[in-house]
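Taking it in order: structure first as structure tokens, then the write-up.
Chains as they are written, first to last, in my numbering: chain A, 1039 to 1307; chain B, 161 to 709.
Right, dumping it as structure tokens:
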């Protein structure tokens, strides 16, 4: 204290005080004024929409119309939401390769950054389901058993007991769910792509979706164990019957041929 | 050794030396059971050698394996539909409400030592048992082994196949999982479609409305007691008749309708059959160890409000499933009652398709009018119409199976399920006709080839150049034995109805049944429906006349 009071009449004391005061005011201003950051976000968003619109004009507009209003070749995208765009484009279904009974999954041709831009543009056309966050789709801690019950009630009639897929009418099909990321399963439930019905949060809350994702991971994921040996595609009695005929009876006939070919020869008398 | 207290016996030779232990045991048993008399007659029973004669053994052994593993499973299975909450080791089922039947099947799969393996052996053996019976039946059919005196044994075998189907079905239903529950519901629907009595049968079988609380316990009794009991009886009768009739054999030198050429039951066949049992058990055990069957833990417990795609029965019921899947949903509503033709017609067709193959031996013997015994087998080509009929039947069966798996055909071959349904609808009728015609042509072609071989010998593939430059292929004449084998079969003459008028010029009365029989006989045996085999005269003329060519 003595040192400080001794220097308070120093010629530069006023300058130091002024500097401290300025720094405090500036710091407080910076801390309490959020307007600048919001401004920056707005800019990024509009930039994404802008970029998305350009990508859209090149890759999507020929079928869905220049403003996303839809044409005879593709449905309107107003109100489908960013979740639908993320699902369709990230799984490679869109842009569609050719017309057919159903648009199949293939290699995605846009990067995730481009997909986000496209999604931002489509979302700007009208409110719809929003792309879920990582936390929303994380199956950790979800109730697998409840997910199984929900899956068998809502999903199994098209996707099979363990999500191996199944046939629909006229060449359409419910795809195998193996290797589908939790995010895309979530988005599919939200948006109901192609023949699939949609399960919005009002009928199936977020937690139930997580349970279903956890169930699919546990019975049809990379780490799924098959306690009985080869799962034979998980397709049930048809593949089992085929296996029984070819490898069961086939092997036994081969053994029978072998046994019959090796016989005690009658002694010549 | 004191001889005073001993009775003289065969096991105690005069020399005073003790007989081997085995002989003494046999002597002890024979003195009390009198089995030597029985054994003497059958010990030297001769069995001919051919791999296809062992298909029946595959069935017998897999049946034994099913019984053995089934007994083990009954120790742990709870045939009850009482509802409990699962708290076992299988995580995806934690806290799920299920029947005790399903819970105990989970327990067998995950907690009982060796339970899953035994369950899989039981189920794989069942599929192989049915497949074995199917192939065995077809072997008997195509070689004509069902002819007199074996018609009754054919029926026994057929009944075993049908009972095997229903035993398998009731067993598949026991775990009360979502797949089997769907199958039971399917069957209940089929029962309901039967006019007048359907509802009553359903109510009786399920003890009220479906699913009720009784069917697992009831199916359990049927599955482990009633049907296997009947099957065991039929099986014994089937084997006794095989012994009684003696085994059939293919034609060959030294083989006649009155003898059997082969190896004796003891010791050769006992050793072979015993060894074959272990081979069958081994193959089934290996399959059960490497491949899952019916993973009920992945299917979930049965609930009437749940269903999955890809719900099929085991293969032997797939044909019935297919008929129902492709049948248009016709129904008739009359006086407040509904006749569900969409289900009832397939149910009738299922019975008809099975019935027609069961009755075929009687139809054929009526057409040929042959009352003699047949112990020499036909080569399929030498009975072209029968063979063609058999292939047509298999074609219809297979087309039905395609219908039963139409969804998997659609997804795996990228086809429309609707197109497959239409394919099955058309080819269930057209397929057998095409198969019949094609098979018959192939048989006739093979008969011509046999004739050519008998008359001109085997093509050796050796080309000879004659002095004047001509190339000829050397044909090697067949041995006497080969000639016999190729010409041993006899050929029927078509049935003649005789003149239309009798000696007085009065029109003879011929019943329409006789006319039909004559027509069918013509279809079987007239010129163009079989190739007359090479006669001795033809052979002589060619071999003595101008050699080859």
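Using N, Cα and C, we set each Cβ at its ideal position, and we do this for glycine too.
Quick caveat: nothing in here was measured; it's all calculated off a predicted structure.
A residue is called buried once 16 or more other Cβ atoms fall within 10 Å of its Cβ, and residue 468 of chain B is buried on that count. Per DSSP, the continuous beta strand (DSSP E) segment holding residue 493 of chain B begins and ends at 492 to 494. Fewer than three pairs of CB atoms, one per stretch, sit closer than 8 Å, so the segment 492 to 510 of chain B makes no contact with the segment 1224 to 1242 of chain A. Distance from the Cα of residue 335 of chain B is smallest, within the candidate group B:242, B:390, B:558 and B:387, for B:242. The alpha carbon of residue 1163 of chain A has as its nearest neighbour, out of A:1087, A:1247 and A:1082, the alpha carbon of A:1087.
With respect to the 9 Å criterion, residue 1140 of chain A and residue 1206 of chain A are classified as neighbours on the basis of their beta carbons. Bounds of the beta strand (DSSP E) holding residue 257 of chain B are 257 to 259.
Annotated as proximal: residue 1117 of chain A and residue 1165 of chain A, with beta-carbon spacing under 9 Å. Inclusion of residue 224 of chain B and residue 1282 of chain A in the CB contact set at 9 Å is not warranted, their separation being larger than that value. Nearest to residue 490 of chain B by C-alpha distance, out of B:483, B:479 and B:502, is B:502.
If the five residues before and after residue 276 of chain B are omitted, its C-beta is found closer than 8 Å to the C-beta atoms of 268, 269 and 270, all from its own chain and listed in chain order. Exclusion of the five residues before and after residue 315 of chain B leaves 518 as the residues of its chain whose Cβ lies within less than 7 Å of its Cβ. Listed in chain order, the positions of the segment 243 to 263 of chain B with a beta carbon within less than 7 Å of a beta carbon of chain A are 251, 252, 253, 254, 255 and 256.
Residue 1044 of chain A and residue 1066 of chain A have their C-alpha atoms roughly 30 Å apart. Within the DSSP bridge table, the entry for residue 304 of chain B names no partner. For the segment 468 to 486 of chain B, the beta-carbon criterion of a distance under 9 Å to any beta-carbon of chain A is satisfied by 468, 469, 470, 471, 472, 473, 474, 475, 476, 477 and 478. In this structure, DSSP gives residue 632 of chain B an extended state, which the three-state scheme calls strand. Annotation: the continuous alpha helix (DSSP H) that includes residue 484 of chain B extends over 475 to 486. Around the beta-carbon of residue 493 of chain B, fewer than 16 other beta-carbon atoms lie within 10 Å, marking it exposed. At a cut-off of 9 Å between C-beta atoms, residue 229 of chain B does not count as an interface residue with respect to chain A. Using a Cβ-Cβ distance cut-off of 8 Å, the segment 571 to 578 of chain B and the segment 586 to 598 of chain B are not in contact, since fewer than three pairs of beta carbons, one from each stretch, lie closer than that value. Here residue 429 of chain B is buried, its C-beta having at least 16 other C-beta atoms within 10 Å. Listed along chain B are 451, 452, 455 and 458, each with a C-beta nearer than 9 Å to that of residue 1269 of chain A. Residue 1276 of chain A is positioned such that its CB atom lies closer than 9 Å to that of residue 568 of chain B. DSSP, reduced to helix, strand and coil, places residue 1113 of chain A outside both helices and strands of the structure shown, so it counts as coil. Closest option to residue 424 of chain B, judged by alpha-carbon separation, among B:436, B:413 and B:407: B:407. Under the three-state reduction of DSSP output, residue 687 of chain B falls in the strand class. In the DSSP annotation of this structure, the continuous segment of the alpha helix (DSSP H) that includes residue 613 of chain B starts and ends at 577 to 616.
In this structure, residue 254 of chain B sits away from residue 1191 of chain A, with a CB-CB distance that is not shorter than 9 Å.
Inter-segment contact for the segment 1146 to 1153 of chain A and the segment 1207 to 1214 of chain A is absent: fewer than three beta-carbon pairs are separated by less than 8 Å.
Looking only at A:1279, A:1254 and A:1102, the smallest Cα-Cα distance to residue 1217 of chain A is reached by A:1254. About 6 Å separates the CB atoms of residue 690 of chain B and residue 544 of chain B; that is less than 8 Å, so the two are in contact. Closest in C-alpha terms to residue 676 of chain B, from the list B:657, B:405, B:227 and B:661, comes B:657.
Check the Cα spacing between residue 419 of chain B and each of B:355, B:464 and B:533: the tightest is with B:533. In the DSSP annotation of this structure, the continuous segment of the beta strand (DSSP E) that includes residue 498 of chain B starts and ends at 497 to 499. Residues are counted here when their Cβ sits less than 7 Å from a Cβ of chain B; for the segment 1227 to 1252 of chain A the count is zero.
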